[in-house]
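Below is one structure, written out as structure tokens, with a few remarks after it.
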Amino acid sequence: MMPTIPDNVYKILVAIGLFIVGYSQIQSDKLDEKFAVTNSEYSKYLDSLHEESRKADDMKDELLYESDILSTRNGVKNPIKETDSLLLFTRVISKNKNETAVSDSLAPKFRVYKRVNKHLGASLKDHEFKKKFFELERQSRDIRKDIYLYLQFIGLSVALIGFIQLLYIQMTNDRKLMYEVRNTIGPIRCQSCARRFTAVRPKGKNKDGSYNQNFCMDCYTEGEFTEPNLTFKEVYTRTKNGLSISYRILFSAYLYFIIKNLDRWSGRNKY
Ligand SMILES: [Zn+2]
Numbered sequence: 001m002m003p004t005i006p007d008n009v010y011k012i013l014v015a016i017g018l019f020i021v022g023y024s025q026i027q028s029d030k031l032d033e034k035f036a037v038t039n040s041e042y043s044k045y046l047d048s049l050h051e052e053s054r055k056a057d058d059m060k061d062e063l064l065y066e067s068d069i070l071s072t073r074n075g076v077k078n079p080i081k082e083t084d085s086l087l088l089f090t091r092v093i094s095k096n097k098n099e100t101a102v103s104d105s106l107a108p109k110f111r112v113y114k115r116v117n118k119h120l121g122a123s124l125k126d127h128e129f130k131k132k133f134f135e136l137e138r139q140s141r142d143i144r145k146d147i148y149l150y151l152q153f154i155g156l157s158v159a160l161i162g163f164i165q166l167l168y169i170q171m172t173n174d175r176k177l178m179y180e181v182r183n184t185i186g187p188i189r190c191q192s193c194a195r196r197f198t199a200v201r202p203k204g205k206n207k208d209g210s211y212n213q214n215f216c217m218d219c220y221t222e223g224e225f226t227e228p229n230l231t232f233k234e235v236y237t238r239t240k241n242g243l244s245i246s247y248r249i250l251f252s253a254y255l256y257f258i259i260k261n262l263d264r265w266s267g268r269n270k271y
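Each residue of the sequence shown is one higher than the one before, counting from 1 in this note's numbering.
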């Protein structure tokens with residue numbers, strides 16, 4: 001015999017399962033909130049980096065433009081050259097006054113450009129670290145979210161198992177109660193034809209004239225069945241044919257179940 005497990009165990013299972021589901025959901029939401037902050041900070045950082053890069057580009061364009069104008073106007077060689085994405089400045093100190101003047105005029109601006117560019121280089125290196133860190137944070141969030149999702153699934157399963165067991169216990173108790181009620185007041189329908197006992201269809205009588213609690217007057221009289229050779233199939237077909245077509249389609253399975261469970265046809269008793 002299986003050991004009986006008290007209801008409370010299943011109630012605790014449902015509670016634990018629901019707790020796990022709730023807890024995992026809250027933790028998962030917290031992860032999202034935390035990551036949203038990290039994401040927003042990283043976006044702001046990227047914006048500032050783009051701004052810095054844009055400023056350096058503007059400065060470069062301005063310097064190129066100015067050196068071009070100055071050298072053309074003074075009829076001297078342009079001391080600033082563009083290679084790849086960088087600018088090269090050749091400081092000129094010569095007897096040609098114009099050449100020296102152009103070079104002197106551009107030197108301070110080139111120093112500023114160089115400083116800005118150096119800073120941008122450092123920022124871009126720093127960005128490599130920040131980007132890696134951000135990706136790691138994202139991966140860590142994804143893994144932890146997967147774990148919480150898995151936990152939610154486990155919690156839901158545990159709660160469902162507990163709930164189904166509770167439902168099963170409830171149904172078993174209900175059935176027991178139904179049998180107890182039936183044993184006390186007797187069946188509500190004839191245990192041969194399945195029709196309910198009513199004033200126009202009273203219970204049949206035993207040989208001694210007392211009422212038989214199980215069968216109706218049509219099926220049972222003076223201690224004997226009115227149709228002793230009747231079979232389950234005949235009763236089922238007869239009752240089913242008494243229904244309208246729509247009822248027949250909807251309830252024939254239910255009818256089969258009801259009649260099959262009657263005392264005369266269930267095989268529990270011998271008649
Ligand atoms: Zn009957």
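Don't be surprised by glycine CBs; every beta carbon is placed ideally from N, CA and C.
Asked, Found
"Arg-264 to Arg-201 span [Cα, whole Å]", "18 Å"
"Residues bridged to Tyr-211 [DSSP beta-bridge criterion]", "Lys-205"
"Opposing strand residues paired with Phe-225 [DSSP bridges]", "Tyr-220"
"Per-residue DSSP class, three states only, for Phe-197", "coil"
"Lys-270 in three-state terms, based on DSSP", "coil"
"Nearest candidate by alpha-carbon position, reference Thr-231, set Cys-219, Gly-223, Gly-242", "Cys-219"
"Pairwise C-alpha distance: Ile-16 and Gly-155", "7 Å"
"Rounded separation between Tyr-211 and Tyr-271 - CA only", "17 Å"
"Residues bridged to Phe-89 [DSSP beta-bridge criterion]", "Ile-80"
"N- and C-terminal bounds of the alpha helix (DSSP H) containing Leu-49", "7-74"
"Under 6 Å, CB to nearest heavy atom of ligand 1: contacting residues", "Cys-190, Ser-192, Cys-193, Arg-195, Phe-215, Cys-216, Asp-218, Cys-219"
"Residue burial classification, Pro-275 (beta-carbon count within 10 angstroms, cutoff 16)", "The structure shown does not extend to residue 275, since the chain is modelled only from 1 through 271, so no value can be given for it."
"Euclidean distance between Cα positions of Ile-5 and Val-14", "14 Å"
"Local Cβ density within 10 Å of Asn-214, reported as buried at 16 or more and exposed below that", "buried"
"Where the alpha helix (DSSP H) containing Ile-161 begins and where it ends", "97-185"
"DSSP beta-bridge partners of Arg-248", "DSSP, once it has assigned bridges, lists no residue as partnering Arg-248."
"Exposed unless 16 or more other CB atoms sit within 10 angstroms - verdict on Ser-53", "exposed"
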